[in-house]
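Protein chains in written order, with the working numbering: chain A, 1 to 345; chain B, 1001 to 1345; chain C, 2001 to 2345.
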Amino acid sequence: MPALGELSAALGLELRGDPGRPIVALAALERATADELSFVSEKKHLSKLDKTSAGALILHPDWIERWAGSALLSEAPYLAFAKATLIFDNHPVATGRVHRSAVVSDAAALGEGVTIDAGACIEADVTLGDGVWIGAGAYIGHGSVIGKKTVIKPGAVVCHAVRIGARCTIHPNATIGADGFGFAPSAEGWVRIQQLASVIIGDDVEIGANSAVDRGALEDTVVEDGAIIDNLVQIAHGARVGARTAIASQAGISGSTQIGERCVIAGQVGMAGHLTIANDVHIGGQGRVASSVTEPGHYSSGTPIQPLRAWLRSASRFTQLDQMARRIADLEKALAVDKEEHEDS
Amino acid sequence: MPALGELSAALGLELRGDPGRPIVALAALERATADELSFVSEKKHLSKLDKTSAGALILHPDWIERWAGSALLSEAPYLAFAKATLIFDNHPVATGRVHRSAVVSDAAALGEGVTIDAGACIEADVTLGDGVWIGAGAYIGHGSVIGKKTVIKPGAVVCHAVRIGARCTIHPNATIGADGFGFAPSAEGWVRIQQLASVIIGDDVEIGANSAVDRGALEDTVVEDGAIIDNLVQIAHGARVGARTAIASQAGISGSTQIGERCVIAGQVGMAGHLTIANDVHIGGQGRVASSVTEPGHYSSGTPIQPLRAWLRSASRFTQLDQMARRIADLEKALAVDKEEHEDS
Amino acid sequence: MPALGELSAALGLELRGDPGRPIVALAALERATADELSFVSEKKHLSKLDKTSAGALILHPDWIERWAGSALLSEAPYLAFAKATLIFDNHPVATGRVHRSAVVSDAAALGEGVTIDAGACIEADVTLGDGVWIGAGAYIGHGSVIGKKTVIKPGAVVCHAVRIGARCTIHPNATIGADGFGFAPSAEGWVRIQQLASVIIGDDVEIGANSAVDRGALEDTVVEDGAIIDNLVQIAHGARVGARTAIASQAGISGSTQIGERCVIAGQVGMAGHLTIANDVHIGGQGRVASSVTEPGHYSSGTPIQPLRAWLRSASRFTQLDQMARRIADLEKALAVDKEEHEDS
């Protein structure tokens, strides 16, 4: 239970108020109580300050006259809040031990302070860096290398010859390095193309629960440093996710597509294969990315929900769009209206 | 092998026909044989009665003149059929034992008749209610509480401090309580926001295979009593799924979105974050829900498949829609047509 | 390290060049070095031949004058490449042993040369054919039958009474035979319909990582011979996937839908339930399949991404489409333009 003054010091933030005030937890503005710390990260939330019971707030110095209570002042309140969550972290911690029920090959190399939990399996020629934590029932395949302090959560499967950097988290039931979906058609049916390359994951990468990052056929699948990937995401063989790119849940990146740095790919976005996506591209939810994107910026596709009957009419008319456009053109011709004025719209 | 009379008694349904007739199985109308029981749940299927060979049918009393054979009469034939499946259930049953290869913390509290199968791992301070069944290789994290008669299927991962109610089923390879996807941007890259809250699941909830329900940052993620969630569904941190709401496969609910009671969310629906969805809202498949829905009812979005060339034209015209609308307006102006008559369409 | 002549013999391809030339690996055209073999599968890639450093190429005899170096000539270069990947395969191989930490029921029947890796669990009445390989931590439920040489990868869960044919691969963390999503509404909430049928998978089938194939209620879910299914795919209860059909990542097939043979279903396609899809149907990415498809061919739906502002206008106009169409009709009436000429467009 840190006092407010200790939090000020730990977070490097200027304190206004009583440094001895105990803070027992972090809480959202709407629910925080007198012994809890909350935060305001956006100006639009300042209107909630009248109603909060928070004992102290992290907020921007520009907003300080809006709040009479205790405060920790930050130019980047959301980032300061993120750092505060580390102080109040309540996750279980690694034991630093190999559980008796884990199966660890004699030919695996374990760094200092490695934790391997119950029922995990570490195959031959695996290298686990210092402080690595392999969760219960997780699997690390032959020859894979896991960097320092990386955590592989329970049930995750890392196939053979995968390289994962330092300080990554692979969340539960994720699969890294399964065979890419590569088959050649033949008269006798699909012939599997053995996926001979692997998956290379940089440092500080997160791969969400139940996500799949497939190994490449001839080229490695790559996730660069600092990329963050949510749950149930598909990264197909030979794809590349640039540094610090964020990919939200259920998005799918097809084979060989190269995504730049600092992109934000929203939930359920689908990308075709063999595309190139520039740096700093943002794609809205369910976006249908069928061709390369060469310019940074925000893109979206899709249609909004409507009440069912209205939508049925819209969807039906969608299939007549080309006909409608040509009818408009005919009307314009008949009336001699100049359509050019709208061409750049 | 119950006789028809026994089924009548067990299901509380009026019998027409020979109570001694043996029924060996349930079967679909099209395939049922003379010693099998089938059902008709909708009027539109009555036309199939001429062709069925079923030995007996569950059907509505109003339809009885359409069927000369043995029958169990029910005002709710589909519900009666559901109850009949319980009588013919052929799933493996729990042993009531802890398998020698399971790893159970001394600091876990086990109720009466708990089953823990091979290789499962139960961490410290876990509480398992009476009759709980933990499947092979499943993982229950520190301090989690599982209510009476809940079944955690093989390979499912329940992280720390999760609370699951009674009579739930968590299907194979589902992940409950992994860290929500919360990061603050900084000059050095994404900074993780520790997810300090948890997941609270009510009674009689189903979570499908390979689905993920993430833990919250400051607010718990909540799935209320009687909600049913299909496979490969994403429930992000801080979201709430109201009582008896059904969510079909591959739908994704973003962070903090609050879904009301008795909603039906179809497959591959995507919901943005921080929305509020009223009670009794139905969203059609692949629906793109980008803003809150305040009124009950049926909603949909998207476009229908077309043959490829026709679709290419429609999709191309979609990007010209605003221009088309303005060209129509210009034509109306030129012709002095009153467009107001369509405004309420 | 085979010599080129050995590769020629093994692949049954005519060699042009030095049979003694050592080939150490396969590589993509752009990166292949002088001791590596590459391939050209499509005419459009012939322009890259000027720049490649590959030591030898698999290519079509018609293209031979475009390439002065060593070559293996094939009428089907992509298929020949697929077969070459088998020669250079670097995957770990099965040990043919049952690991001491695996839990195998005395009532399971194991064929010749079965491999069962660490922590796997094989329940009673399971039959494993000759050469079957069960990966670490995988689970095979009561009474399931796995055909010869099929590989069940780490973390995969096969529930009870499932039948899988020969030479299949079930990739990591896939779930086969979980309960279909079947519930009957009642005044007391959803009542589970026990899923009494199972999953039947043919020979030479692939099921991707983290995919789910649910068991049926009364009818088995069926995946026919030679079908290939990618990661994170949902196959709901009672669906049928025809022989040699390919389903890409994150597609979802709802209950009872019957897909024909040799179809290609792209990523994130969603199919409603109870549909029939003809043979040789191709559905483009994110396709919204709400009704049956009776004719072979290529189909697509959806809209392309646009820059955000442009898309907002398009999406907004989409909801006005019916009104726009009627305004066009009014204009045509006012002008007496004949719209019939576009009706068949």
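The C-beta atom is built at its ideal place from N, Cα and C for all residues, glycine as well. Treat the numbers as computed from the prediction; the structure is a model and nothing was measured.
Check the Cβ of residue i against every Cβ in chain A and list those closer than 8 Å, keeping chain order.
i: B/His-1171; result: Neighbours of B/His-1171 on chain A: none; closest Cβ ~12 Å, over 8 Å.
i: B/Gly-1141; result: Pro-92 and Pro-154
i: B/Asp-1214; result: Ala-209 and Asn-231
State the Cα-Cα distance for the pair residue i and residue j, rounded to the nearest angstrom.
i: C/Gly-2147; j: C/Glu-2261; result: 22 Å
i: C/Phe-2183; j: B/Lys-1083; result: 10 Å
i: A/Ala-118; j: B/Gly-1119; result: 8 Å
i: B/Ala-1246; j: A/Asn-231; result: 20 Å
i: A/Ser-8; j: A/His-91; result: 23 Å
i: B/Leu-1335; j: C/Ala-2334; result: 8 Å
i: B/Gly-1113; j: C/Val-2103; result: 22 Å
i: B/Arg-1021; j: C/Glu-2188; result: 31 Å
i: B/Gly-1287; j: B/Asn-1210; result: 21 Å
i: A/Met-324; j: C/Ala-2325; result: 7 Å
i: C/Gly-2017; j: C/Ala-2056; result: 9 Å
i: B/Val-1281; j: A/Leu-308; result: 11 Å
i: A/Ser-186; j: C/Ala-2028; result: 21 Å
i: A/Gly-284; j: C/Thr-2115; result: 46 Å
i: C/Thr-2052; j: C/Lys-2043; result: 15 Å
i: C/Arg-2240; j: C/Val-2222; result: 5 Å
i: C/Leu-2026; j: A/Met-271; result: 27 Å
i: B/Asp-1050; j: B/Met-1001; result: 26 Å
i: C/Ser-2256; j: B/Arg-1031; result: 14 Å
i: B/Ser-1345; j: A/Tyr-78; result: Low confidence applies here, because B/Ser-1345 scores a pLDDT of 42, under 50, leaving its location unreliable and the question unanswered by this model.
i: B/Ala-1315; j: C/Ala-2310; result: 14 Å
i: B/Ile-1023; j: C/Val-2126; result: 28 Å
i: C/Pro-2154; j: C/Val-2145; result: 18 Å
i: C/Asp-2130; j: C/Thr-2150; result: 9 Å
List, in order along the chain, the chain C residues whose C-beta lies closer than 9 Å to that of residue i?
i: A/Pro-304; result: Ala-2315, Ser-2316, Phe-2318 and Thr-2319
i: A/Met-1; result: Per Cβ cutoff of 9 Å: no residues; A/Met-1 is ~40 Å from chain C at best.
i: A/Ser-144; result: The contacting residues do not exist; A/Ser-144 stays about 11 Å from chain C at best.
i: B/Ser-1137; result: Note that residue 1137 of chain B is Gly in the sequence shown here, rather than Ser. The contacting residues are Gly-2119, Ala-2120, Cys-2121, Gly-2137, Ala-2138, Tyr-2139, Gly-2155 and Val-2157.
Anything in chain C within Cβ reach of residue i, meaning under 8 Å, just list it in chain order.
i: B/Arg-1240; result: Here the premise fails: no neighbours, minimum Cβ distance about 17 Å.
i: A/Leu-331; result: Ile-2328, Leu-2331, Glu-2332, Leu-2335 and Val-2337
i: A/Ile-193; result: Phe-2081, Ala-2082 and Thr-2085
i: A/Ser-292; result: Near A/Ser-292 there are no residues of chain C at all, since even the closest Cβ is about 11 Å away, more than 8 Å.
i: B/Ala-1325; result: Arg-2317, Gln-2320 and Met-2324
Can you round the beta-carbon distance between residue i and residue j to whole angstroms, since I take them to be within the 8 Å contact cut?
i: C/Gly-2141; j: C/Val-2158; result: 6 Å
i: C/Ala-2236; j: C/Asp-2214; result: 5 Å
i: C/Gly-2267; j: C/Ser-2292; result: No, C/Gly-2267 and C/Ser-2292 are not in contact; Cβ-Cβ is about 21 Å, not under 8 Å.
i: A/Leu-361; j: A/Val-40; result: The shown model of chain A, from 1 to 345, leaves out residue 361 of chain A, and the question about it has no answer.
i: B/Ala-1054; j: B/Leu-1037; result: 7 Å
So with CB distances below 9 Å, who are the chain B contacts of residue i?
i: A/Arg-244; result: Pro-1185, Gly-1189 and Trp-1190
Please list, in chain order, the chain B residues whose beta carbon lies closer than 8 Å to that of residue i.
i: C/His-2045; result: Those within 8 Å of C/His-2045 in chain B number zero; the least Cβ separation is about 24 Å.
i: A/Ile-228; result: Phe-1181, Phe-1183 and Trp-1190
i: A/Ala-28; result: Leu-1218 and Glu-1219
i: A/Asp-35; result: Within chain B, no residue comes near A/Asp-35; the closest Cβ sits about 15 Å away, beyond 8 Å.
Under 7 Å Cβ-Cβ, which residues of chain B neighbour residue i?
i: A/Ser-296; result: Inspection of the sequence shows that residue 296 of chain A is occupied by Pro rather than by Ser. Simply none; closest approach about 16 Å.
i: A/Asp-204; result: Gly-1189
Identify the contact partners of residue i in chain A, using a Cβ-Cβ distance below 7 Å as the criterion.
i: C/Gly-2177; result: Simply none; closest approach about 17 Å.
i: B/Ala-1236; result: Ser-249
Applying a beta-carbon distance threshold of less than 9 Å, which residues of chain A neighbour residue i?
i: C/Leu-2308; result: His-282, Gly-284, Gly-297, His-298, Tyr-299 and Ser-300
Notebook entry, point to check: Can you list, in chain order, the residues of the region 2078 to 2098 of chain C whose Cβ is nearer than 8 Å to any Cβ on chain A?
Noted result: Tyr-2078, Leu-2079, Phe-2081, Ala-2082, Lys-2083, Thr-2085, Leu-2086, Phe-2088, Asp-2089, Asn-2090, His-2091 and Pro-2092
Note to self: Below 8 Å, how does it come out for the region 1098 to 1111 of chain B and the region 1056 to 1068 of chain B: are there three or more Cβ pairs, yes or no?
What the structure shows: no
Notebook entry, point to check: Counting Cβ pairs closer than 8 Å, one from the region 2160 to 2177 of chain C and one from the region 2197 to 2216 of chain C, do we hit at least three?
Noted result: yes
Checklist line | Residues of the region 2269 to 2288 of chain C with Cβ closer than 7 Å to any Cβ of chain A, in chain order | finding: Gly-2285 and Gln-2286
Checklist line | Touching by the beta-carbon criterion (3+ pairs, under 8 Å), the region 2073 to 2088 of chain C and the region 2104 to 2114 of chain C | finding: no
Checklist line | Residues in the region 1094 to 1124 of chain B having any Cβ partner in chain C nearer than 9 Å | finding: His-1099, Arg-1100, Ser-1101, Asp-1117, Ala-1118 and Gly-1119
Next item on the list: Determine contact between the region 2240 to 2256 of chain C and the region 2214 to 2229 of chain C, defined as no fewer than three beta-carbon pairs at a distance below 8 Å.
Entry: yes
Check: Which of the residues in the region 124 to 135 of chain A, read from start to end, lie with their CB under 9 Å from any CB of chain B?
Finding: Gly-135
Checklist line | Near-chain A residues of the region 2042 to 2070 of chain C - C-beta to any C-beta below 8 Å | finding: none
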